[in-house]
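>
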Amino acid sequence: MKLWPGKSDAQKQALSHAIVRDVTAILHYGDESVSVGFEEVAAGDWQDHVYGPDIEGRWDTLTKRPGYGPRAASQGKASS
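Here full-length UniProt numbering is used: the first residue of the sequence shown is 1, the next is one more, and so on.
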């Protein structure tokens, strides 16, 4: 998971628990099969390090698209 810096360890732990809970419930995996990690990316680096390669570069594979950025603006805030 990539996110801006500044979230507390407690917030990250709560999100990790929620992701594991949902993955195990929806995909029927054991929790031993799930790992969650966080990569903090500064706001000034987001375009080059996240939006470009991970969002815009994989637009057609996203099951939830962001409501920001050039692709969202040109196609409406469509998310599947």
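Note that the Cβ used here is the ideal one computed from N, Cα and C, for glycine as well.
Thinking just about the alpha-carbon of each residue, which of Lys7, Gln75, Asp48 is nearest to the one in residue 160?
The shown model of the chain, from 1 to 80, leaves out residue 160, and the question about it has no answer.
> Taking the beta carbon of Tyr29 as the centre, do at least 16 other beta carbons fall within 10 Å, making it buried, or is it exposed?
Here Tyr29 is exposed: its Cβ has fewer than 16 other Cβ atoms, across all protein chains shown, within 10 Å.
> For Ala73 and Lys2, I'd like the C-alpha separation in whole angstroms.
C-alpha separation (whole angstroms): 22 Å.
> Buried or exposed, going by whether 16 or more other CB atoms sit within 10 Å of the CB of Ile55?
buried
> Assign Tyr68 to buried or exposed, taking buried as 16 or more other Cβ atoms, counted over all protein chains shown, within 10 Å of its Cβ.
Around the CB of Tyr68, fewer than 16 other CB atoms lie within 10 Å, so the residue is classed as exposed.
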